[in-house]
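In full-length UniProt numbering, the protein residues as written are 1 to 1150.
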């Protein structure tokens, strides 16, 4: 043993470890931990690994109090051997490119040194996924990291934070962190020194020797009764030590109809106990015996029943002798109320889809309109394809109608019949599934192939997965693409061993050899040329397998395939003595190259064979034990991921529900998956006289409830009539589905209700988000750290938040998560003294959960049981209201794009900042936050008509093939912020017949599948915010020239005040002429006037030129200085005697 780990519930200030090498021998101190402040403590043995038969951990000086008692709590003791350093001399790299081998070598004398003190990752590859329980870091004393974390990954791409350390000042750090991974990364986040330096980086993975041993410990302590009904199975109530009897009473706050039962999760079970119910605790005679148990030794007690009561009381009379300390302890005391009266009742449907419609055989039937669906509400399921005999499989293609979130493929080896992993597919970040098509190009040898679905997508219609088709690619020894094709070799100096023997069709006999004593050579085989089809991919042969028959073992060689003028290494062997190389692979190929380094042998090749690949359906599909089915009973089971389904395109369907007796209900909810177009609900008490109950939608997709929900009504029979069913417009395979039918009485549960065993803080976490500043959430008394987690129910885009402390925290972190387990830091503050906290709206994240992690309470208060006792004051945290602001919007309203949508300028609302206008473009090429006067958020634009103009004006050409463009926004006639300038390619969105107008989406390329070129890459919030616009577009105009501010204001006034535009914006509305400064470039009105509309003219009618001062002519082509030798004038006095001023041309007459 070299280390003892302690995971605390309530830590001691110090702990010592004692060891003896023989049972019952003299204990000697081997380890010490002082000044414990963390909730995980690793006690390392300074003298090294010791041989121990018994270990004792002595805990001293409790740091916490609970229920008026000093308390120590240990969640887990772990005992480990520290000689198994899995990181020793394993591959390691640093993110800054420095050589990191000194960090995990076998001596602390050497050290790794980073380039800078910026965030740096130090990653070690364990080679295979390995169980890890701890990490040791020995920093150089002059480069200690203050803040760092341990991360894990199986693929060196997606990492999870396993342990974080802040405010570290220790050189030698030992961390407890249990996980399984191949890659272990230390993320060095902060230091006071110029660089980071690590002398020793150890990763430990030996078994926990304490696991499942029998420990001995002192007596436990008391918990409050609320722990038994808080819904958290990690907390527990404990009676007084050595108590002979104990009572736990739950107050439901009002008389409740219970239609379920009671479940007790014991920590220390009572051997004899009874359960009583009552509506009046003041009257002892009102208590009724509900349940009695004698001789119980089980840790879970559960029974079903139906009754009405306000109070439920558990009376414990004799503790179990097995717990050893004469106490009773309960993790959870659950009063189970089934709020849905429909459960376990009778339901029938007039129609039902054929249960064999989605059997496994349809995944390999060559019909893309049929498919296999796994059984409902399952996460882990599989389908197996039987190849009937051993096959070389070059690759395969999968096609889904509804893809899963995660799946993997494995193969059965024909020789040992064992299953071996092939590849896993997981939904990319911000996608909900893996995509509808997958292909695999690496060959394998298999008897069977299996698709294992690990997680199905929870769509708006429920959990669905549908596999259309599986297509295998196999090589056949019927078409040798290399046979007698042209070959090129590095050398052929032996007349009897020429290159044409390489592919003459003879496996043995004549062979090619470059020359005697040559140790390095190469061979190229050119396959037959193929004709290029216009618009198609470059031509190439479909290769599925390759064989090389060697005259002399090659030692080292690799094979490359050429396609589209690029070479790819596809196969390599080192130190091989094989005489035949045979491998399967799926590629498009035009040439094959073999490079050989025989080291000490001669080089010789009998034959090269390249076999063509062919696509086939799997020969067989193994029958499954369970299959997809959609009976009516699924509508009233306890799983809302199961469903009944009608035949596709079915109308006029009826569902009947009988509750067996008349109830006074308050709501009926029907949760549709594929929702019918018209539905009616009728209820009755006798099955004859029906009353229609009107339904309305809820915030949950497909969930309908009564319009008058909450108003009591009598019901026994329910009839759901679907006059017009769901229409599967794509394929007509799916029908109407109902996931759940609920007839609800009311909702009063035992969880979080009052318990009378002890006083606790009665402030619920939900009070921090109830919209009432008069309520607040309060942490447990005496806590040094507290967490408040908010679940939005579904992932949201967030831009800023705020909350108000009652009892504040001097240090806190705001974290967010998509799945509730992997958390990212949004903001952290230290030294805080403010009670009202605002996180700026410029702080954005996409997640479902947000957590306030609170430390270092600002103030203290009295304990709940001893109010006013100054000697027992303790710390607490409280939050009265949390507001999280959703960042909505982000969709493209209108713009222009290239024909493929990968170049675009589109006006968006709320993409970069909430309620702000912006221009979105590919990789934000011409996008920028707009700042300056009259910019910022305009919430009032939501739901209102808004006039928006964006102008693009070329300013200069700073470099060849680039232009500098000034972009100006106008909102309701006036500038929106300051103009800004960007550099873009000169032909961007300007190629003839290559530009499209796009409405309602940032660009049409956003309708992509994973694996395609993605227009969201490089766009701020491109992945998190929907590219689609939700709103109305009243009118759009594209104008060739960049308008002036006066023209924009004129346009707005026409829109807002009525009337006609004064100017014409069509390029051919007015005559053209040459500008005097740029002759030879005809432009409307010569660029020396304004093209105006004739009053009362129609759209697209010709206009006239209103010339600038000094210009005249039909196209403003003449300047007054050019019309008269006397020059320009305003009045006659400006001209010589005898000459007058022409008021049209502003030139003196001659």
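In this text, a Cβ means the ideal position worked out from N, Cα and C, and glycines have one as well.
Can the beta-carbon of residue i be found closer than 8 angstroms to that of residue j?
i           : j           : result
residue 432 : residue 455 : no
residue 630 : residue 467 : no
residue 87  : residue 1   : no
residue 744 : residue 666 : yes
residue 527 : residue 485 : yes
residue 148 : residue 187 : yes
residue 783 : residue 810 : no
residue 165 : residue 173 : yes
residue 626 : residue 634 : no
residue 970 : residue 949 : yes
residue 568 : residue 593 : no
residue 196 : residue 142 : no
residue 876 : residue 814 : no
residue 12  : residue 43  : no
residue 855 : residue 953 : no
Measuring only the C-alpha atoms, how far is residue i from residue j?
i            : j            : result
residue 1145 : residue 1093 : 22 angstroms
residue 529  : residue 987  : 36 angstroms
residue 840  : residue 799  : 8 angstroms
residue 1169 : residue 1149 : The structure shown does not extend to residue 1169, since the chain is modelled only from 1 to 1150, so the question has no answer here.
residue 909  : residue 936  : 11 angstroms
residue 131  : residue 122  : 19 angstroms
residue 540  : residue 392  : 21 angstroms
residue 1023 : residue 888  : 13 angstroms
residue 295  : residue 9    : 32 angstroms
residue 552  : residue 469  : 44 angstroms
residue 425  : residue 279  : 57 angstroms
residue 359  : residue 628  : 7 angstroms
residue 1018 : residue 926  : 12 angstroms
residue 564  : residue 395  : 20 angstroms
residue 1013 : residue 922  : 12 angstroms
residue 693  : residue 352  : 25 angstroms
residue 762  : residue 807  : Low confidence applies to residue 762: its pLDDT is 39, below 50, so where it sits in the model is not reliable enough to give any reading.
With 16 other CB atoms within 10 Å as the buried threshold, where does residue i fall?
i            : result
residue 215  : exposed
residue 1006 : buried
residue 842  : exposed
residue 1032 : exposed
residue 577  : exposed
residue 334  : buried
residue 331  : buried
residue 664  : exposed
residue 707  : exposed
residue 957  : exposed
residue 189  : buried
residue 213  : exposed
residue 581  : buried
residue 1131 : exposed
Flag residue i as yes when its Cβ comes closer than 7 angstroms to any non-hydrogen atom of the ligand FMN, and as no otherwise.
i            : result
residue 1127 : With respect to the ligand FMN, the structure offers nothing, as it holds no ligand at all.
**Start-end ranges of the alpha helix (DSSP H) lying completely within the segment 368 to 420, minimum 4 residues** = none
**Whole beta strand (DSSP E) elements within the segment 858 to 920, 3-residue minimum** = 878 to 886, 892 to 898, 904 to 909
**Request:** Kindly confirm or deny that the segment 42 to 56 and the segment 15 to 24 touch, where touching means at least three C-beta pairs closer than 8 angstroms.
**Result:** yes
**Request:** Please determine if the segment 508 to 524 and the segment 588 to 603 are in contact, where contact requires at least 3 C-beta pairs separated by less than 8 angstroms.
**Result:** yes
**Prompt:** Would you say the segment 542 to 551 touches the segment 640 to 649, given that touching needs at least three Cβ pairs under 8 angstroms?
**Reply:** no
**Asked** Should the segment 376 to 396 be regarded as contacting the segment 613 to 624, the criterion being three or more beta carbon pairs within less than 8 angstroms?
**Response** yes
**Request:** Note down, one range per segment and in chain order, each beta strand (DSSP E) of at least 3 residues found wholly within the segment 476 to 518.
**Result:** 487 to 489
**Asked** Is it a yes or a no for the segment 429 to 446 touching the segment 373 to 382, going by three-plus beta-carbon pairs under 8 angstroms?
**Response** no
**Prompt:** Is it a yes or a no for the segment 898 to 912 touching the segment 869 to 885, going by three-plus beta-carbon pairs under 8 angstroms?
**Reply:** no
**Asked** Would you call the segment 368 to 379 and the segment 439 to 449 touching, i.e. three or more CB-CB distances under 8 angstroms?
**Response** no
**Message:** Three or more C-beta pairs under 8 angstroms: does that hold for the segment 406 to 424 against the segment 342 to 359?
**Reply:** no
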